[in-house]
Amino acid sequence: MHMSDQKKSYTPEFKLKVVLESLQRDTTQEAVCKHYGISSSMLHRWKKEFQTKAADIFADKRDPKQKAMAQGYAPGESPDDLKKIIGNLTVQNEILKKVQGLLGN
Numbered sequence: 400m401h402m403s404d405q406k407k408s409y410t411p412e413f414k415l416k417v418v419l420e421s422l423q424r425d426t427t428q429e430a431v432c433k434h435y436g437i438s439s440s441m442l443h444r445w446k447k448e449f450q451t452k453a454a455d456i457f458a459d460k461r462d463p464k465q466k467a468m469a470q471g472y473a474p475g476e477s478p479d480d481l482k483k484i485i486g487n488l489t490v491q492n493e494i495l496k497k498v499q500g501l502l503g504n
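For the sequence shown, this note's numbering begins at 400 and goes up steadily by one.
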């Protein structure tokens with residue numbers, strides 16, 4: 400395997416530096432990519448991830464609703480609540496499958 404065939408990995412600190420630099424008004428995305436030797440699609444992925452996770456920084460970790468929302472859950476639904484809902488739906492689904500089998504459908 401050639402050295403150029405290996406996938407290059409970047410530290411989170413490096414990614415943050417590049418993303419923040421690309422967000423500055425006095426530079427272009429193309430210039431940032433060229434300067435750091437990365438592709439524009441890679442920078443786009445890093446920026447998307449940065450924007451998606453940035454709101455978590457400001458979430459009040461003590462507030463269960465905000466914590467759940469930051470983790471992608473609906474307000475008022477903790478992971479435990481969602482597990483209970485999934486369990487109930489699974490049981491209902493199994494019952495319906497058995498009834499369907501008995502009815503011959």
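Ideal Cβ placement from N, Cα and C applies to all residues, glycine included.
In the three-state scheme derived from DSSP, where H, G and I count as helix and E and B as strand, Asp-479 is classed as helix.
Contact between the stretch 434-452 and the stretch 485-495 is absent: fewer than three C-beta pairs spanning the two stretches fall below 8 Å. The DSSP-derived three-state label of Gly-486 is helix. The beta carbons of Val-417 and Lys-446 sit no closer together than 7 Å. In the three-state reduction of the DSSP assignment, Gly-436 falls in the coil class.
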